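Numbering (full-length UniProt numbering), first residue to last: 1 to 120. We treat Cβ as the ideally placed atom computed from N, Cα and C, and that holds for glycine. It should be emphasised that the depicted structure is a prediction, and the values quoted were computed from it without experimental measurement. Heads up, the thing below is written out as structure tokens.
Okay, here's the thing in structure tokens:
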């Protein structure tokens, strides 16, 4: 059975909000909320802000979650392997995060351009 889940490059852009609920974060990362809660236990780097017993994720959290998702689902890492990769020398390689951020910024600018074209 073919895997129809979107790859890292096919995920929808992260909106320009400061905080995201667990439901919004799960949707933006193409995951279920229980997976995010589980990953919080497995990966020390995921630390959402907790207020009133609710989780709020920030942009950098979503980029990290997407990177973990890519390691596990696209590249075939185990959780232990992904944890090691993130803690090792590869963690300092922010190239993938910057590329994702640049792609998202370009996408957002294209959306603004298209919106401005329709206003004319």
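Report the residue from 79, 19, 83, 63 whose alpha carbon sits nearest the alpha carbon of residue 50. The closest CA to that of residue 50, considering only 79, 19, 83, 63, is found on 19.
Contact check, residue 110 vs residue 16, beta carbons under 9 Å: Result no, Cβ atoms of residue 110 and residue 16 do not sit closer than 9 Å.
With distances taken from CA atoms, which of 112, 33, 30, 64 is nearest residue 100? When C-alpha distances from residue 100 are compared across 112, 33, 30, 64, the shortest belongs to 64.
Using C-beta distances below 8 Å, list every residue in its chain close to residue 29, excluding the 5 sequence neighbours before and after it, in chain order. Within the same chain, residue 29 has close Cβ partners 11, 36, 62, 65, 66, 69.
Taking residue 23 as the reference, give the member of 112, 113, 57 with the closest Cα. Distance check between residue 23 and each of 112, 113, 57 places 57 closest, using alpha-carbon atoms only.
For a test of the three-state rule: what should DSSP assign to residue 87, helix, strand or coil? DSSP places residue 87 in helix when its eight states are reduced to three.
Just list the residues that DSSP pairs residue 49 with in beta bridges. Note: residue 49 sits in a beta bridge opposite 56.
Using only the alpha-carbon positions, how far apart do residue 21 and residue 59 sit? Cα-Cα distance, rounded: 11 Å.
Cut-off 7 Å between Cβ atoms - residues of its own chain near residue 46, not counting five sequence neighbours on either side: Excluding residues up to 5 positions away in sequence, 39, 40, 61, 64, 65 lie with their Cβ nearer than 7 Å to the Cβ of residue 46 in the same chain.
Which listed residue (115, 117, 81) has its alpha carbon closest to that of residue 43: Comparing Cα-Cα distances from residue 43 to each of 115, 117, 81, the minimum goes to 81.
If we ignore side chains and look at the alpha-carbon of each, how far apart do residue 105 and residue 13 end up? Taking the straight line joining both Cα atoms gives about 8 Å.
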